[in-house]
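Written out below as structure tokens is the structure these notes cover.
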Amino acid sequence: MMSDAEIANAATLFSIEAIGAKLGIPADALYRYGPYKAKLARLFLEDLATKPQGKLVLVTAINPTAAGEGKTTTTIGLGDALAHIGQRAAIALREPSLGPCFGVKGGAAGGGYAQVVPMDEINLHFTGDFHAIGAANNLLAALIDNHMYWGNGLGLDPRRISWRRCLDMNDRALRQITVGLSGGSGGNGVVREDGFDITVASEVMAVFCLASSLQDLEARLGRIVIGRNRDKALVRASDLQAAGAMTALLRDAFQPNLVQSIAGTPALVHGGPFANIAHGCNSVAATKAALALADIVVTEAGFGADLGAEKFFDIKCRQAGLAPSAAVVVATVRALKLHGGSAKADLAREDVGALTRGFANLARHVENVSGFGVPVTVAINRFTSDTAAELDTLQALCRNAGVRVALCTHWADGAPGAVALAEMVLADIRADTARFLPLYPDAMSLTDKIATVATRIYRAEGVDIDPAASTKLDQFEAAGFGHLPVCMAKTQYSFSADPSKLGAPTGHRLPVRDVRLSAGAGFVVATCGDIMTMPGLPRSPAAERIGVASDGTIEGLF
Numbered sequence: 103m104m105s106d107a108e109i110a111n112a113a114t115l116f117s118i119e120a121i122g123a124k125l126g127i128p129a130d131a132l133y134r135y136g137p138y139k140a141k142l143a144r145l146f147l148e149d150l151a152t153k154p155q156g157k158l159v160l161v162t163a164i165n166p167t168a169a170g171e172g173k174t175t176t177t178i179g180l181g182d183a184l185a186h187i188g189q190r191a192a193i194a195l196r197e198p199s200l201g202p203c204f205g206v207k208g209g210a211a212g213g214g215y216a217q218v219v220p221m222d223e224i225n226l227h228f229t230g231d232f233h234a235i236g237a238a239n240n241l242l243a244a245l246i247d248n249h250m251y252w253g254n255g256l257g258l259d260p261r262r263i264s265w266r267r268c269l270d271m272n273d274r275a276l277r278q279i280t281v282g283l284s285g286g287s288g289g290n291g292v293v294r295e296d297g298f299d300i301t302v303a304s305e306v307m308a309v310f311c312l313a314s315s316l317q318d319l320e321a322r323l324g325r326i327v328i329g330r331n332r333d334k335a336l337v338r339a340s341d342l343q344a345a346g347a348m349t350a351l352l353r354d355a356f357q358p359n360l361v362q363s364i365a366g367t368p369a370l371v372h373g374g375p376f377a378n379i380a381h382g383c384n385s386v387a388a389t390k391a392a393l394a395l396a397d398i399v400v401t402e403a404g405f406g407a408d409l410g411a412e413k414f415f416d417i418k419c420r421q422a423g424l425a426p427s428a429a430v431v432v433a434t435v436r437a438l439k440l441h442g443g444s445a446k447a448d449l450a451r452e453d454v455g456a457l458t459r460g461f462a463n464l465a466r467h468v469e470n471v472s473g474f475g476v477p478v479t480v481a482i483n484r485f486t487s488d489t490a491a492e493l494d495t496l497q498a499l500c501r502n503a504g505v506r507v508a509l510c511t512h513w514a515d516g517a518p519g520a521v522a523l524a525e526m527v528l529a530d531i532r533a534d535t536a537r538f539l540p541l542y543p544d545a546m547s548l549t550d551k552i553a554t555v556a557t558r559i560y561r562a563e564g565v566d567i568d569p570a571a572s573t574k575l576d577q578f579e580a581a582g583f584g585h586l587p588v589c590m591a592k593t594q595y596s597f598s599a600d601p602s603k604l605g606a607p608t609g610h611r612l613p614v615r616d617v618r619l620s621a622g623a624g625f626v627v628a629t630c631g632d633i634m635t636m637p638g639l640p641r642s643p644a645a646e647r648i649g650v651a652s653d654g655t656i657e658g659l660f
């Protein structure tokens with residue numbers, strides 16, 4: 103069996119001009135990065151603002167497990183299948199982070215015959231967007247320390263600086279550092295505690311992905327709160343006159359990237375915040391461009407529906423004025439067996455009992471997504487180890503729960519393997535039954551918003567907010583930020599904050615240990631449990647198996 107990389111390398115690609123033509127993009131509106139990648143020209147994007155919008159479809163999933171779910175693969179497979187049955191379709195994805203590529207998860211370009219290509223280039227550096235985002239983030243950090251070095255006219259309190267540096271890599275050693283050390287000379291600035299987040303957790307990444315234009319981008323960057331002064335008043339990036347230079351670094355990166363799937367379906371791949379520590383959606387700029395160019399746009403939101411989908415609905419759609427027409431929840435037999443108590447070593451053995459118990463996880467996600475007023479279809483991403491009895495059981499469980507279900511083989515068969523799913527989604531779009539509504543109103547207090555997500559999405563009995571975090575929430579409310587949505591930073595593996603509680607746990611309480619104001623992005627982050635904003639590498643990182651062959655081909659990516 104060919105690997106994902108071998109399948110991608112063997113694919114025959116269309117020129118990027120031919121892919122653009124499928125969406126009516128003229129060649130002079132493409133800024134090429136080689137023959138198969140391009141950015142959309144800024145003036146062309148501005149002209150799209152007045153065009154009619156297509157229909158938006160969200161692909162989400164059950165809580166991820168070590169067995170894999172294939173959410174990105176299914177997003178691509180669905181887009182390919184819609185094109186295969188004659189629809190003018192486009193795919194809108196996030197860019198992969200180098201952290202998972204060299205860590206444990208691998209790349210984020212799909213798999214099998216449902217991939218976006220060139221896979222190796224997309225997974226490694228791509229068009230340099232993440233480097234630009236990291237540079238803008240770290241420019242602000244440098245300006246903060248430089249301001250204090252040259253007299254600290256704003257009266258910044260070094261103990262209350264909340265802005266951190268970032269790097270697009272998993273490196274636990276950088277979580278907590280001390281800057282300004284100079285052997286007693288003072289020549290390297292003010293000594294203070296600092297730290298690094300992974301770039302996909304940076305507020306600059308969130309701002310980048312939620313901004314609607316360059317002007318909005320600069321305004322949002324200026325609103326970023328970097329800390330407090332000695333009088334405990336908020337200090338913003340605009341106070342340091344940082345927003346203009348940060349926007350200059352991001353100007354070219356802000357133009358969405360165009361690539362293709364193996365089947366030749368246009369794909370806009372842009373931005374990439376994680377969904378467990380950020381809002382987990384691709385850029386608004388790319389999504390809106392795709393909606394102006396295609397009749398149907400298939401997008402995804404990170405990890406399970408308790409994180410990515412909730413934030414897609416409550417943050418991205420709320421801010422950007424988007425209203426999805428349909429949703430797909432991806433599940434696999436293998437993953438549901440894990441949620442039902444099966445051991446990873448036993449997944450190749452038939453276990454209808456574990457599958458039946460694990461179905462509770464899928465059922466809860468379907469119920470949650472339906473609660474946003476969007477029709478839902480379940481996509482079973484088939485693995486070769488799935489037995490006929492297991493597949494029949496899972497389909498019967500879905501139907502008995504009143505949920506439509508499609509068995510999908512797009513990993514092995516490409517577009518034809520997801521035609522049944524595409525036809526169900528198309529039927530939902532044509533029926534026009536979606537009545538999208540966010541989970542909570544803007545006017546609800548921040549504390550109540552956190553509790554609403556915890557009790558209605560995670561099914562917690564309640565929340566336990568650290569007293570210091572509760573004080574911060576009161577301060578945010580008093581400062582005029584109570585209308586913002588909340589962005590929950592929580593483990594992706596469970597509905598609870600405990601990654602070991604698989605399935606559909608009840609009776610748990612959600613511990614909120616800290617909150618952080620992201621005024622530029624336009625949300626308040628609530629950090630739950632032990633989640634980290636700078637991951638570490640595993641004992642045996644994927645980086646140890648990645649290399650370059652004698653012909654220049656990159657090997658070991660997955």
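First residue of the sequence shown? That's 103 in this note's numbering, and the numbers climb one at a time after it.
Don't be surprised by glycine CBs; every beta carbon is placed ideally from N, CA and C.
In the DSSP assignment, LEU319 falls within the unbroken alpha helix (DSSP H) covering 316-325.
CA-to-CA, the gap between ASP448 and ARG436 works out to about 10 Å.
Listed in chain order, the non-local C-beta contacts of PHE538 below 8 Å within the same chain comprise PHE415, CYS419, ALA425, PRO426, PHE474, GLY475, VAL476, local neighbours out to five positions each way being set aside.
A direct Cα-Cα distance of roughly 43 Å separates THR401 from GLY282.
When the Cα atoms are used, ALA131 and LEU145 turn out to be separated by approximately 8 Å. Linking GLY181 to ALA581 through their CA atoms gives a straight-line distance of about 44 Å. Ranking LEU342, LYS574, VAL386 by CA distance to the CA of PHE356 puts VAL386 first. Collapsing the DSSP output to three states places MET221 in a helix. Between the alpha carbons of SER315 and VAL337 lies a distance of about 24 Å. Note on geometry: alpha-carbon atoms of LEU351 and ALA313 lie some 15 Å from one another.
Fewer than three Cβ pairs drawn from the segment 597-614 and the segment 291-305 lie within less than 8 Å of each other, which leaves the two stretches out of contact. In the displayed model, GLN189 falls within coil according to three-state DSSP, outside both helix and strand. Around the beta carbon of ASP576, fewer than 16 other beta carbons lie within 10 angstroms, which makes this residue exposed. With respect to the 7 Å criterion, ILE164 and HIS610 are not classified as neighbours on the basis of their beta carbons. Between LEU184 and LEU342, the C-beta spacing is not below 7 Å. ILE121 and LEU370 have their alpha carbons spaced roughly 11 Å apart.
Proximity to ARG134 across ASP354, PRO260, LYS390, ARG261 peaks at ASP354, based on C-alpha coordinates. Counting only the Cα atoms, GLU305 lies some 36 Å from GLY654. Within its own chain, the residues whose Cβ lies closer than 7 Å to the Cβ of ILE633, once the five positions on either side in sequence are excluded, are ASN378, ILE379, ALA591, LYS592, THR593, listed in chain order.
ARG484 is classed as buried because its beta carbon has at least 16 other beta carbons within 10 Å across all chains shown.
Under the Cβ criterion (8 Å, minimum of three pairs), the segment 633-642 counts as touching the segment 268-279.
In the DSSP annotation of this structure, the continuous segment of the alpha helix (DSSP H) that includes TYR251 starts and ends at 231-251. Non-local beta-carbon contacts of ASN239 in its own chain, meaning distances under 6 Å to residues more than five positions away in sequence, involve CYS268, SER304, VAL306 in chain order.
Counting along the chain, the unbroken alpha helix (DSSP H) around ASN463 starts and ends at 454-472. Apart from the 5 residues on each side of it in sequence, SER547 sits with its Cβ closer than 7 Å to the Cβ of GLU579, GLY584 in its chain, given in chain order.
The continuous alpha helix (DSSP H) containing VAL435 extends over residues 435-441. Judged by their CB atoms, TRP265 and ALA234 are not nearer to each other than the 7 Å cut-off.
The Cβ-Cβ distance between PHE376 and PRO166 does not fall below 7 Å.
Pairwise C-beta distances place the segment 322-336 in contact with the segment 244-260, as three or more of them are shorter than 8 Å.
In this structure GLY324 does not touch ALA308 by the C-beta definition: roughly 15 Å separates them, more than the 8 Å allowed. The Cβ atoms of VAL627 and ARG618 lie closer than 7 Å to each other. Counting the other CB atoms within 10 Å of its CB gives MET250 a total of 16 or more, which places it among the buried residues. Distance from the CA atom of ASP544 to the CA atom of GLY289, rounded to whole angstroms, is 47 Å. Shortest Cα-Cα distance from HIS186 to any of MET103, PRO587, GLY631, ALA517 involves ALA517. Contact between the segment 110-124 and the segment 212-232 is present, with at least three C-beta pairs closer than 8 Å.
The beta carbons of VAL159 and ALA428 sit closer together than 7 Å.
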